[in-house]
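Numbering-wise, the sequence shown is residues 1 to 219 according to the UniProt record's numbering.
Below you'll find the structure, written out as C-alpha cells, and then a few comments.
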Amino acid sequence: MQSPVNASGKRPAKRSYDARRRRQLAAESLHSVRAHARELFLAQGFGATTIAEIARAAGVSAESVYKNFGSKAGLVRAIYEESLLGAGGPPAEQRSDLAQATETDPARLMERFGRFTTEISPIGAPVYLLIRDAAASGDASMAALLRDVDEARYRRMLHNARQLVGRGLLKPGLTTAEAADVMFTSTAAELYETLVIKRGWSADRYGTFIARTLAANLL
1 MQSPVNASGK
11 RPAKRSYDAR
21 RRRQLAAESL
31 HSVRAHAREL
41 FLAQGFGATT
51 IAEIARAAGV
61 SAESVYKNFG
71 SKAGLVRAIY
81 EESLLGAGGP
91 PAEQRSDLAQ
101 ATETDPARLM
111 ERFGRFTTEI
121 SPIGAPVYLL
131 IRDAAASGDA
141 SMAALLRDVD
151 EARYRRMLHN
161 ARQLVGRGLL
171 KPGLTTAEAA
181 DVMFTSTAAE
191 LYETLVIKRG
201 WSADRYGTFI
211 ARTLAANLL
C-alpha cells in the first residue's frame with residue numbers, strides 16, 4: 001500500500017529510523033538488569049537468585065537476559081567488570097594510567113592509588129566476595145570466574161608495577177614481581193572485607209591505609 005498524499009498533493013517523507021534512541025534504550029535496559037541483579041545477588045546470594053527473578057525486577061524477559069549475558073555467571077562477570085570502571089567519568093584504569101604518567105611526586109602517586117582503591121572497593125569488593133563464596137560452595141562456573149578475575153587483577157597490578165619500574169620509583173632491590181605482589185595484596189577484596197566490613201573502618205581511612213602501605217613497601 002502506498003503512503004497517502006497530504007494536502008499539497010505530495011507524499012509525506014518516511015520517518016527516519018532513530019537508531020541512536022534504540023541503542024540508548026537498549027543500554028538503559030542492560031544497565032537496569034545489572035543493577036537489579038547486583039541488588040538481588042548481594043541480598044540473597046548467587047545460588048538463591050534466579051534469572052527469572054532478575055528479569056521480573058528489571059521488567060524484561062528471562063530470554064533477553066540469557067541472550068545478553070549468557071548465564072548467571074556471565075551476569076555476575078558483567079556486574080564485576082562494571083564495578084572496575086569506578087564511580088563515573090573516564091574508567092578508573094584510564095585515570096590510574098594518567099596518574100602514573102603525569103604525577104611527579106611518588107608519595108602523591110601512592111595517595112592517588114589509595115583514592116582509586118577507596119572509589120572502587122565499595123563497588124567491586126562485595127561482588128568479588130559473592131564470586132568467592134559461590135566458588136567455595138562448589139559452583140564450577142563461579143570457580144572459573146574467580147580464577148579469571150584474580151588473573152586479570154594480577155595482570156593489572158603487574159602493569160602498574162612495570163610502570164613504576166620504568167620511572168625508577170621503586171626502592172632498590174625490589175623486583176617487578178614483588179611490587180606486583182604488594183599491590184595485588186593491598187587491593188584484595190579480603191582486606192576491604194576485614195577492615196571496612198568487619199572492623200567498621202570508613203572508606204577514607206581505608207584508602208589512606210592503602211596509600212601508606214604502598215608507599216612504605218614500594219618507595
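Cβ coordinates follow ideal geometry from the N, Cα and C atoms, glycine included.
Quick caveat, the model's predicted, so the values are computed rather than measured.
(request) Look at residue 211 and residue 113 and say whether their C-beta atoms are less than 8 Å apart. (result) Residue 211 sits at position 211 when you count from the first residue of the sequence shown. Residue 113 sits at position 113 when you count from the first residue of the sequence shown. Between residue 211 and residue 113, the CB-CB gap stays under 8 Å.
(request) Identify whether residue 171 lies in helix, strand or coil by the three-state DSSP scheme. (result) Residue mapping note: residue 171 aligns to position 171 of the sequence shown, counting from 1. Three-state DSSP puts residue 171 in coil, outside helix and strand.
(request) Can you tell me which of 181, 80, 51, 43 puts its alpha carbon nearest to the alpha carbon of residue 120? (result) Numbered from its first residue, the sequence shown carries residue 120 at position 120. Residue 80 is the option with its Cα nearest to residue 120.
(message) I need the straight-line Cα distance from residue 200 to residue 193, nearest angstrom please.
(response) Walking along the sequence shown from the start, residue 200 turns up at place 200. Walking along the sequence shown from the start, residue 193 turns up at place 193. Cα-Cα distance, rounded: 9 Å.
(message) Just to confirm my understanding: we take residue 134, look at its own chain, exclude 5 residues before and 5 after, and list those with CB closer than 6 Å. What are they?
(response) Position 134 of the sequence shown, counted from the start, is the residue given in the question as residue 134. Contacts found: 46, 142.
(message) Please state whether the Cβ-Cβ distance between residue 183 and residue 203 is less than 8 Å.
(response) Within the sequence shown, numbered from 1, the residue matching residue 183 stands at position 183. Within the sequence shown, numbered from 1, the residue matching residue 203 stands at position 203. Taking 8 Å as the Cβ cut-off, residue 183 and residue 203 do not qualify as a contacting pair.
(message) Taking 8 Å as the threshold (C-beta atoms), are residue 207 and residue 102 in contact?
(response) Within the sequence shown, the letter at position 102 stands for residue 102. Within the sequence shown, the letter at position 207 stands for residue 207. No; because the gap between Cβ atoms is not below 8 Å, this pair is not in contact.
(message) Only counting the same chain, and skipping five residues up and downstream in sequence, which positions put a Cβ closer than 8 Å to that of residue 92?
(response) Taking the sequence shown and counting its residues from 1, the one referred to as residue 92 is at position 92. Result list for residue 92: 84, 85, 86, 116, 119, 120, in chain order.
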